[in-house]
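Be aware that the sequence shown starts at 98, since it is given in our numbering, and climbs by one per residue.
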Amino acid sequence: MSFGCLELDGGLMLKRIQTASCVVLFLICISFDRALANPDWQNYLLEEKEISVSFPHLPIRFNSFEACVEKETVHYLAYANDRVYEIRVIQRWPRISHLCRSSKQFDNRLFEERIVSLKSESEKHAIFADLMLERSVDRFVYPTKAVWVVNDLKNKRWIELVVHKRSDISQVDDEFVRSLRIGKKVGGLTVKEWATQISGSKESLTVANEDNAVRLNSNADSPKNVVSTNAKDPLLIIAKPRAVYTEAARKEGVQGTVRLNVHFLPNGTIGEIDVIQGLPFGLTEAAIAAARRMVFLPAREGEKSIAVIDEVEYKFQMY
98 MSFGCLELDG
108 GLMLKRIQTA
118 SCVVLFLICI
128 SFDRALANPD
138 WQNYLLEEKE
148 ISVSFPHLPI
158 RFNSFEACVE
168 KETVHYLAYA
178 NDRVYEIRVI
188 QRWPRISHLC
198 RSSKQFDNRL
208 FEERIVSLKS
218 ESEKHAIFAD
228 LMLERSVDRF
238 VYPTKAVWVV
248 NDLKNKRWIE
258 LVVHKRSDIS
268 QVDDEFVRSL
278 RIGKKVGGLT
288 VKEWATQISG
298 SKESLTVANE
308 DNAVRLNSNA
318 DSPKNVVSTN
328 AKDPLLIIAK
338 PRAVYTEAAR
348 KEGVQGTVRL
358 NVHFLPNGTI
368 GEIDVIQGLP
378 FGLTEAAIAA
388 ARRMVFLPAR
398 EGEKSIAVID
408 EVEYKFQMY
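Shown next, in the form of structure tokens:
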């Protein structure tokens, strides 16, 4: 998808980006009703070895890394009914940056450090043996999430199931956790391409506009004027996947920040995205693609979810 031409000057290119974005987003809005659906829980085979779990929709997938730590975290997330369901597979990643003076190895000590960290912030902690998984499980409860940690170090990894929520743990949440299967005979849907954007709840779809949207950044440079109000439960961003640094931008030595105004809709999906400040050589497009994959709990006024417009930045820096 092209938003502009590289030979254009900066100002004209940005206008082309915004114009093309509006056309594409208009088409996306038309197809919203087809894309949104009630939860349809299915078991999915993860790309990581011998793991399956149930999700309400096809999840998004992305990786994250921690500087100077010999580990990779693979995230899968899906949204349904004011909840985000997530599974994290934490496994060894031997590619430590040469800039690190020291590093942490992936071993039992790293796992124990994680347990200590979770325990220090948790309101409730419980340990139990899962007979189905044949593994020990730690559960930690927080005001806006619950985390189940499965010790699978015999396979050189551990697994975290997370329910991001604003209410108590429900039966559906427990069923999500109990759906986890580990082993050679696990079954589930094989996925060739994971979701490029979170699917929202069909029943709560509304469009962010001047009447029902909250602008969090009043200084944002945007053509839209949105009425400000105070949300009882503010927008809670769960995951912000990193943007890809394009090879063309690397070759040209382009660095800087892309600034976007992102519409976080009440149904848990990302709506319109306005470009405030862009960068050439595909970096603006990369930032938009990354923003579309953001995962969040919608802001709420009372028991009603509301739209929020917030400024999101993606920094591109060469090391």
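Glycine included, C-beta positions come from ideal geometry on N, C-alpha and C.
Quick caveat: nothing in here was measured; it's all calculated off a predicted structure.
- Contact annotation: I279 and V186 have beta-carbon atoms that are not nearer than 8 Å.
- Within its own chain, the residues whose Cβ lies closer than 7 Å to the Cβ of G379, once the five positions on either side in sequence are excluded, are T343, A345 and A346, listed in chain order.
- In the three-state scheme derived from DSSP, where H, G and I count as helix and E and B as strand, D204 is classed as coil.
- Rounded to the nearest whole angstrom, the CA to CA distance from L258 to G375 is 36 Å.
- If you draw a straight line from the Cα of H154 to the Cα of R198, it is about 42 Å long.
- For N160, the three-state secondary structure derived from DSSP is strand.
- Taking the Cα positions, K221 is about 10 Å away from P240.
- Distance from the CA of F393 to the CA of A177, rounded to the nearest whole angstrom, comes to 11 Å.
- Positions of the alpha helix (DSSP H) runs, each at least 4 residues long and wholly inside the region 263-304, are given as 268-275 in order along the chain.
- In summary, Q268 is exposed, with fewer than 16 beta-carbon neighbours lying within 10 Å of its beta-carbon over all protein chains present.
- In this structure A336 is in contact with M391, their Cβ atoms being roughly 7 Å apart against a cut-off of 8 Å.
- The beta carbon of E167 lies closer than 7 Å to those of R189, W190, P191, I193, S200, K201, Q202 and F203 in the same chain, with the five residues before and after it left out.
- Counting other Cβ atoms within 10 Å of its Cβ, Y411 reaches 16 or more and is therefore classed as buried.
- CA-CA distance, E145 to A223, rounds to 27 Å.
- Taking the Cβ atoms as the reference, V351 lies roughly 19 Å from V409, outside the contact range of under 8 Å.
- Annotation: the continuous alpha helix (DSSP H) that includes K348 extends over E344 to E349.
- H261 is the residue among E169, H261 and F413 whose C-alpha sits nearest the C-alpha of V181.
- Leaving aside the five residues that flank I370 on each side, the residues in its chain whose CB is nearer than 8 Å to its CB run, in chain order, S118, L122, L357, N358, V359, H360, I385, A388 and R389.
- Taking the C-beta atoms as reference points, S151 is found nearer than 8 Å to N140.
- Assignment of S233 by DSSP, reduced to helix, strand and coil, places it in the strand class.
- Between L142 and V274, the gap from beta carbon to beta carbon reaches 8 Å or more.
- In the DSSP assignment, the residues bridged to S402 are R397.
- In this structure R206 is exposed. Its beta-carbon is surrounded by fewer than 16 other beta-carbon atoms within 10 angstroms.
- Collapsing the DSSP output to three states places V392 in a strand.
- Looking at N135, D137, N364 and I157, the one whose alpha-carbon comes closest to that of K289 is I157.
- Across the structure, N364 and L333 are spaced so that their CA atoms are roughly 13 Å apart.
- Of the other Cβ atoms in all chains shown, fewer than 16 fall within 10 Å of the Cβ of L286; this residue is therefore exposed.
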